[in-house]
Amino acid sequence: MTLSARWIDHEREPQAAANPAFPKGIDVDVSAGQSPVCIVTLPYPARRCGIYLVSCDLCGFGAAITTAGRTDDPRSLTAACLMKGSA
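Numbering (the working numbering) for the sequence shown: 37 to 123.
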(Lines of atoms letter the chains of each structure in order from A and count residues from 1; the text may use other names and numbers.)
(Lines give C-alpha, C1' and ligand atoms only; values in the text may rest on other atoms or scores of the structure.)
Protein backbone atom coordinates (compact mmCIF):
# COMPACT_ATOMS: atom_id res chain seq x y z
CA MET A 1 0.00 0.00 0.00
CA THR A 2 1.31 3.40 -0.89
CA LEU A 3 -0.20 6.24 1.11
CA SER A 4 -0.23 9.86 0.07
CA ALA A 5 -1.44 12.88 2.03
CA ARG A 6 -2.84 16.20 0.88
CA TRP A 7 -3.50 19.01 3.34
CA ILE A 8 -6.54 21.26 2.98
CA ASP A 9 -6.14 24.61 4.73
CA HIS A 10 -9.21 25.82 6.63
CA GLU A 11 -7.52 29.22 6.98
CA ARG A 12 -8.20 29.37 10.74
CA GLU A 13 -5.75 29.74 13.58
CA PRO A 14 -6.03 27.40 16.61
CA GLN A 15 -8.57 28.47 19.24
CA ALA A 16 -7.35 26.29 22.12
CA ALA A 17 -4.01 25.39 23.65
CA ALA A 18 -2.24 22.20 22.60
CA ASN A 19 -2.57 19.08 24.73
CA PRO A 20 0.62 19.10 26.88
CA ALA A 21 0.62 15.27 26.90
CA PHE A 22 1.74 15.34 23.23
CA PRO A 23 4.50 17.98 22.94
CA LYS A 24 6.00 16.24 19.87
CA GLY A 25 2.77 15.35 18.06
CA ILE A 26 0.87 12.10 17.73
CA ASP A 27 1.25 9.05 15.55
CA VAL A 28 -2.20 7.94 14.40
CA ASP A 29 -2.62 4.15 13.97
CA VAL A 30 -5.82 2.90 12.35
CA SER A 31 -4.42 -0.55 11.47
CA ALA A 32 -6.21 -2.35 14.35
CA GLY A 33 -3.18 -4.64 14.61
CA GLN A 34 -3.59 -5.97 11.06
CA SER A 35 -0.80 -6.37 8.54
CA PRO A 36 0.62 -5.46 6.13
CA VAL A 37 0.63 -1.76 6.93
CA CYS A 38 1.91 1.43 5.37
CA ILE A 39 2.98 4.57 7.17
CA VAL A 40 2.83 8.07 5.79
CA THR A 41 4.72 10.90 7.45
CA LEU A 42 2.66 14.07 7.66
CA PRO A 43 4.19 17.55 7.52
CA TYR A 44 4.42 18.52 11.19
CA PRO A 45 3.12 20.69 12.66
CA ALA A 46 0.49 21.83 10.18
CA ARG A 47 0.45 25.56 9.43
CA ARG A 48 -2.96 25.97 11.10
CA CYS A 49 -6.40 24.34 11.28
CA GLY A 50 -7.12 22.02 8.39
CA ILE A 51 -7.45 18.42 7.26
CA TYR A 52 -5.02 15.87 5.86
CA LEU A 53 -6.72 13.70 3.25
CA VAL A 54 -4.80 10.42 3.22
CA SER A 55 -5.40 7.90 0.46
CA CYS A 56 -3.99 4.88 -1.32
CA ASP A 57 -4.42 4.52 -5.09
CA LEU A 58 -3.61 0.81 -4.85
CA CYS A 59 -6.13 -0.49 -2.28
CA GLY A 60 -8.60 2.39 -1.95
CA PHE A 61 -7.89 3.25 1.70
CA GLY A 62 -8.95 6.76 2.65
CA ALA A 63 -9.00 8.85 5.81
CA ALA A 64 -9.33 12.45 6.92
CA ILE A 65 -7.26 13.67 9.87
CA THR A 66 -7.77 17.09 11.39
CA THR A 67 -5.00 19.51 12.29
CA ALA A 68 -4.88 22.60 14.45
CA GLY A 69 -1.42 24.03 13.78
CA ARG A 70 -0.24 23.05 17.27
CA THR A 71 2.38 20.78 18.81
CA ASP A 72 -0.21 18.04 19.36
CA ASP A 73 -0.96 17.70 15.63
CA PRO A 74 -0.66 14.30 13.92
CA ARG A 75 2.79 13.58 12.52
CA SER A 76 2.14 10.18 10.89
CA LEU A 77 -0.61 7.73 9.97
CA THR A 78 -0.33 3.94 9.98
CA ALA A 79 -2.99 2.00 8.06
CA ALA A 80 -3.61 -1.62 7.12
CA CYS A 81 -3.86 -2.55 3.45
CA LEU A 82 -7.41 -3.16 2.23
CA MET A 83 -6.46 -5.49 -0.62
CA LYS A 84 -7.77 -9.02 -0.13
CA GLY A 85 -5.01 -11.59 0.15
CA SER A 86 -2.30 -9.02 0.72
CA ALA A 87 -1.15 -10.52 4.06
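Ideal placement from N, C-alpha and C gives every residue a C-beta, glycine not left out.
Secondary structure at residue 67, three-state DSSP: helix, strand or coil? Translated into positions along the sequence shown, residue 67 becomes position 31. In the three-state scheme derived from DSSP, where H, G and I count as helix and E and B as strand, residue 67 is classed as coil.
Using 8 Å for Cβ pairs, my map puts residue 111 next to residue 78. What's the rounded Cβ distance? Taking the first residue of the sequence shown as 1, we reach residue 111 at position 75. Taking the first residue of the sequence shown as 1, we reach residue 78 at position 42. About 6 Å separates the CB atoms of residue 111 and residue 78; that is less than 8 Å, so the two are in contact.
Rounded to the nearest angstrom, what separates residue 97 and residue 56 at their Cα positions? Working through the sequence shown from its first residue, we reach residue 97 at position 61. Working through the sequence shown from its first residue, we reach residue 56 at position 20. In a straight line, the C-alpha of residue 97 is about 31 Å away from that of residue 56.
If you follow the beta strand (DSSP E) that residue 47 is in, where does it begin and where does it stop? Numbered from its first residue, the sequence shown carries residue 47 at position 11. For residue 47, the enclosing beta strand (DSSP E) stretches over residues 39-48.
Would you mind reading off the limits of the beta strand (DSSP E) that contains residue 125? One cannot answer for residue 125 here, as it falls past the ends of the chain, which runs 37 to 123.
Does the beta-carbon of residue 100 have 16 or more other beta-carbons within 10 angstroms, so that it is buried, or is it exposed? For the purposes of this step, residue 100 is taken as the residue at position 64 of the sequence shown. Here residue 100 is exposed: its Cβ has fewer than 16 other Cβ atoms, across all protein chains shown, within 10 Å.
Compare the C-alpha of residue 39 against each of 46, 82 and 94 and name the closest. The residue labelled residue 39 in the question sits at position 3 within the sequence shown. Relative to residue 39, the option among 46, 82 and 94 whose CA is nearest is 94.
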